[in-house]
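Engineer: Numbering (my numbering), first residue to last: 196 to 842. Handing you this structure, nothing more for now.
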């Protein structure tokens, strides 16, 4: 799940409520809906059509399962200009891939091939080459990789996207001796920080521990037993059955789907029908468990793992399913979202009542977080139809209160600057309400009776505060971690400490003299079409007192600029401040015969004179440059056919 997509969803989820359709919603029977599968199906189709109209979604697929019985498996809309969506349409599902990687790891643990609490470096000795600014940190474990608590960087930008022939370009060969240039971002178990890199490492562990190529293992031990006939981590499925991706405003256009390097983290393709078979496999009982896992491993699949991690707050994660709790802290649902734009998906289980749902979209809109909201509503309905009991998740209060002078004074300790996955924020405690700079707005925070704050947009024309119904779902709360002030972002359903992240207070500093000549633009020395890191620029913001790093990414679904506060550790290294996705990374400087080098996220970057357009455009292609990060080759090994040892 991409946090950027989650943020889009915060402002679009509510839109469904304001778009009415000509067709009427199914009428709920007065006698209740227990055993009424038809009502579940009709409601699901109605809500899907409503969502498609409100968000301009081109095509959707869905499956809902009750134990070993399919309630609905269908498609709506267009898969492509020629084909309608059906239950057999093939979609990319992004980070739902991690569910299957997690099951593979649990299977290997069942069979004694690995131990979840072993250091990952036991199975990949090259990990001992990781750099770390935490000399007392213990090596991260397989379990910590599964829960995104390893301390690894979130992503490696170099070669993130592969060319159309990448699977054949890199033969399966000897792995590099060291993972050079990669730094630990934080001590393991410090905070939840979503990491695609971590799941790529798990994919390598699956290969090494099993002796199988990753895709072959999945087909033999997961896809085959589950009856998934049109599912693959490769793109080797029938072209005429694949859904096209769509993006744009009112007029949607087809968008090419990237082929990504991080196979085990986000490359899965599947169908609504196959996902229905997968859910059934999880609920089909045998002597030891289900078709895929023993009872013990299936419980680990969704059992809480992140206990006693203060920064995780309300967020709970299994191996690797995310947990949704009721108001008595009992597990209700466990699931996972996926985004590989323009595709989004959501998978959700009710382990107690043995129901499950899968929804997938081929259009860039509110992403997996928008589908999560829909999946929760529909699975609640399916579970109620099975059990006869109403299923509901706790809703956060909307009741406000007026802060008194003592409360305003007590909040003063939180005043200052904060670093989060969304950038640098300034919090000021005013005379009436706190004010936070967030998403380029100065937002007023209104206290609620449960201790959270709800944001309001700036005043329009200085007359009144703008009402924004989507922001009514958003929540900000004040915390302390080991005495350090912090903020947490959440919604009425997304828990604090999870995907929306936390913001930790950071202290301004004077610009070091030796860093004055580092305030420049840097571009990768070697680039090809598979690289998404376009450039990095440093500037010192005298108003806030931080060096800001402008990170320019050239993503398949659009170019982005992200701005993070950084802090020099010494003359030759700087860290991105904060805990969470893309934070804590170390950037290092060096020199060679050509001059200064910046090393970041697998790239070797050169300083560019901003005033010189000629210099700016002197970027070599990869064909003229040697590979500079062995990790890239390590990950590419997951994509290729193993060569015969003897020709």
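Just so you know, even glycine gets a beta-carbon here, dropped at the ideal spot from N, CA and C.
1. Given that a residue counts as buried once 16 or more other Cβ atoms are within 10 Å of its Cβ, and exposed if not, what is residue 331?
2. Under three-state DSSP, which class holds residue 676?
3. Considering only the alpha carbon of each residue, which of 774, 775, 776, 770 lies closest to residue 795?
4. Between which two residues does the alpha helix (DSSP H) containing residue 567 stretch?
5. Does the Cβ-Cβ distance between residue 282 and residue 560 come in under 8 Å?
6. Please classify residue 839 as buried or exposed, where buried requires at least 16 neighbouring CB atoms within 10 angstroms.
7. Apply the 10 Å Cβ neighbour rule to residue 637 and answer buried if 16 or more other Cβ atoms are within range, or exposed otherwise.
8. Give the list of continuous beta strand (DSSP E) stretches no shorter than 3 residues that lie fully inside the stretch 745-778.
9. Is residue 300 helix, strand or coil by DSSP?
10. Considering only the beta carbon of each residue, do residue 743 and residue 763 sit closer than 8 Å?
11. Using a threshold of 8 Å, state whether the C-beta atoms of residue 397 and residue 341 are closer than that.
12. Between the Cα of residue 390 and those of 451, 293, 438, spot the shortest distance and give me the residue it belongs to.
13. Between which two residues does the beta strand (DSSP E) carrying residue 394 extend?
14. Report the start-end ranges of each alpha helix (DSSP H) in the stretch 227-251 that is 4 residues or longer and not cut off at the edges.
15. Could you give the DSSP three-state label for residue 442: helix, strand or coil?
16. Contact between the stretch 304-313 and the stretch 465-479: three or more CB pairs below 8 Å?
17. Considering only their Cβ atoms, is the gap separating residue 691 from residue 672 smaller than 8 Å?
18. Would you kindly check if the distance between the Cβ of residue 257 and the Cβ of residue 272 is under 8 Å?
19. Keeping to the same chain, check which residues put their C-beta closer than 7 Å to that of residue 291; ignore five residues upstream and five downstream.
20. Between which two residues does the alpha helix (DSSP H) holding residue 413 run?
21. Which same chain residues end up closer than 7 Å to residue 213 when comparing Cβ atoms and leaving out the 5 residues on each side of it in sequence?
22. Quick check: the stretch 564-576 against the stretch 595-603, are at least 3 beta-carbon pairs closer than 8 Å?
23. State the Cα-Cα distance for the pair residue 387 and residue 380, rounded to the nearest angstrom.
24. When the Cβ atoms of the stretch 785-795 are set against those of the stretch 573-587, are three or more pairs found closer than 8 Å?
25. Put residue 644 into one of helix, strand or coil per three-state DSSP.
26. When you compare each of 589, 423, 721 to residue 284 by their alpha carbons, which one comes out closest?
27. Name the DSSP beta bridge partners of residue 711, please?
28. Which value, in whole angstroms, describes the spacing of the CA atoms of residue 411 and residue 772?
29. For residue 409 versus residue 459, is the C-beta distance shorter than 8 Å?
30. With 16 as the cutoff for other CB atoms within 10 Å, does residue 456 come out buried or exposed?
31. Using the rule of at least 16 other Cβ atoms within 10 Å of the residue's Cβ for burial, across every protein chain shown, is residue 454 buried or exposed?
32. How is the alpha helix (DSSP H) around residue 589 delimited, first residue to last?
33. CA-CA distance, residue 184 and residue 334?
34. Return the residue from the list 620, 732, 584 that minimises the CA-CA distance to residue 681.
35. Applying the criterion that 16 or more other CB atoms from any shown protein chain within 10 Å of the CB defines a buried residue, is residue 644 buried or exposed?
36. Assuming residue 735 and residue 714 are in contact, meaning their beta carbons sit under 8 Å apart, how far apart are those beta carbons, in whole angstroms?
Structural biologist: If we stick to the structure as given:
1. In the chain shown, the residue the question calls residue 331 occupies position 136. That one is exposed.
2. Here residue 676 refers to the residue found at position 481 of the chain shown. Strand at residue 676.
3. Within the chain shown, residue 795 is the residue found at index 600, counting from 1. Nearest C-alpha to residue 795: 770.
4. Taking the chain shown and counting its residues from 1, the one referred to as residue 567 is at position 372. It spans 562-582 - the alpha helix (DSSP H) in which residue 567 sits, taken as one unbroken run.
5. By one-based count along the chain shown, residue 282 stands at place 87. By one-based count along the chain shown, residue 560 stands at place 365. Contact flag unset, no.
6. Indexing the chain shown from 1 puts residue 839 at position 644. Confidence at residue 839 is low in this model, with a pLDDT of 33, below 50, so its placement is unreliable and no value can be given for it.
7. Position 442 of the chain shown, counting from 1, holds the residue named residue 637. Taking all protein chains shown into account, residue 637 has fewer than 16 neighbouring C-beta atoms within 10 Å of its C-beta and is therefore exposed.
8. Unbroken beta strand (DSSP E) stretches of 3 residues or longer found wholly inside the stretch 745-778: 753-765, 768-771, given in chain order.
9. Indexing the chain shown from 1 puts residue 300 at position 105. In the three-state reduction of the DSSP assignment, residue 300 falls in the helix class, which pools H, G and I.
10. As a first step, residue 743 is located in the chain shown; it is residue number 548 there, counting from the start. As a first step, residue 763 is located in the chain shown; it is residue number 568 there, counting from the start. Taking 8 Å as the Cβ cut-off, residue 743 and residue 763 do not qualify as a contacting pair.
11. Translated into the one-based positions of the chain shown, residue 397 becomes position 202. Translated into the one-based positions of the chain shown, residue 341 becomes position 146. The Cβ-Cβ distance between residue 397 and residue 341 falls below 8 Å.
12. Here residue 390 refers to the residue found at position 195 when the chain shown is read from its first residue. Residue 293 is the option with its Cα nearest to residue 390.
13. One-based indexing of the chain shown puts residue 394 at position 199. Note, residue 394: premise wrong, no beta strand (DSSP E); alpha helix (DSSP H) at 391-405.
14. Counting only unbroken stretches of 4 or more residues, the alpha helix (DSSP H) elements lying wholly within the stretch 227-251 are 232-250, in sequence order.
15. As a first step, residue 442 must be located in the chain shown, where it is residue number 247. Three-state DSSP puts residue 442 in a strand.
16. These segments do not touch.
17. Locating residue 672 in the chain shown gives position 477, where the first residue counts as 1. Locating residue 691 in the chain shown gives position 496, where the first residue counts as 1. A contact, by the Cβ cut-off of 8 Å.
18. On the chain shown, residue 272 is found 77 positions in, with the first residue counted as 1. On the chain shown, residue 257 is found 62 positions in, with the first residue counted as 1. No.
19. In the chain shown, counting from the first residue as 1, residue 291 sits at position 96. Same-chain partners within the cutoff: 463, 531, 533, 540, 542.
20. The sequence position of residue 413 within the chain shown is 218, counting from 1. That run of the alpha helix (DSSP H) goes 409-413.
21. The residue you call residue 213 lines up with position 18 of the chain shown. Confidence at residue 213 is low in this model, with a pLDDT of 34, below 50, so its placement is unreliable and the value that follows should be read with caution. Once the five neighbours on either side are set aside, residue 213 has no close Cβ partner at all.
22. With fewer than three CB-CB distances shorter than 8 Å, the stretch 595-603 does not count as touching the stretch 564-576.
23. In the chain shown, residue 387 corresponds to position 192, counting from 1. In the chain shown, residue 380 corresponds to position 185, counting from 1. Cα atoms of residue 387 and residue 380: separation of roughly 12 Å, rounded to the nearest angstrom.
24. No, the stretch 785-795 does not touch the stretch 573-587.
25. Against the chain shown, residue 644 aligns to sequence position 449. Looking at residue 644 - three-state DSSP - the assignment turns out to be coil, as it is neither helix nor strand.
26. Position 89 of the chain shown holds residue 284. Closest option to residue 284, Cα to Cα, is 423.
27. Against the chain shown, residue 711 aligns to sequence position 516. Paired residues: none, contrary to the question.
28. Mapped onto the chain shown, residue 411 falls at position 216. Mapped onto the chain shown, residue 772 falls at position 577. For the pair residue 411 and residue 772, the Cα-to-Cα distance works out to about 40 Å.
29. Position 214 of the chain shown, counted from the start, is the residue given in the question as residue 409. Position 264 of the chain shown, counted from the start, is the residue given in the question as residue 459. Cβ distance < 8 Å, so residue 409 and residue 459 count as in contact.
30. Position 261 of the chain shown, counted from the start, is the residue given in the question as residue 456. With 16 or more other Cβ atoms from the protein chains shown falling within 10 Å of its own Cβ, residue 456 counts as buried.
31. Looking up residue 454 in the chain shown gives position 259. Per the 10 Å Cβ criterion, buried.
32. For the purposes of this step, residue 589 is identified with residue 394 of the chain shown, where counting begins at 1. Per DSSP, residue 589 lies in no alpha helix (DSSP H) segment and is marked neither H nor E.
33. With the chain represented from 196 up to 842, any question about residue 184 goes unanswered, as that position is not in the structure.
34. Within the chain shown, numbered from 1, the residue matching residue 681 stands at position 486. Of the candidates 620, 732, 584, the residue whose Cα lies closest to the Cα of residue 681 is 620.
35. On the chain shown, residue 644 is found 449 positions in, with the first residue counted as 1. Of the residues assessed, residue 644 falls on the exposed side of the cut-off, its CB having fewer than 16 other CB atoms within 10 angstroms.
36. Mapped onto the chain shown, residue 735 falls at position 540. Mapped onto the chain shown, residue 714 falls at position 519. Confirmed, about 6 Å.
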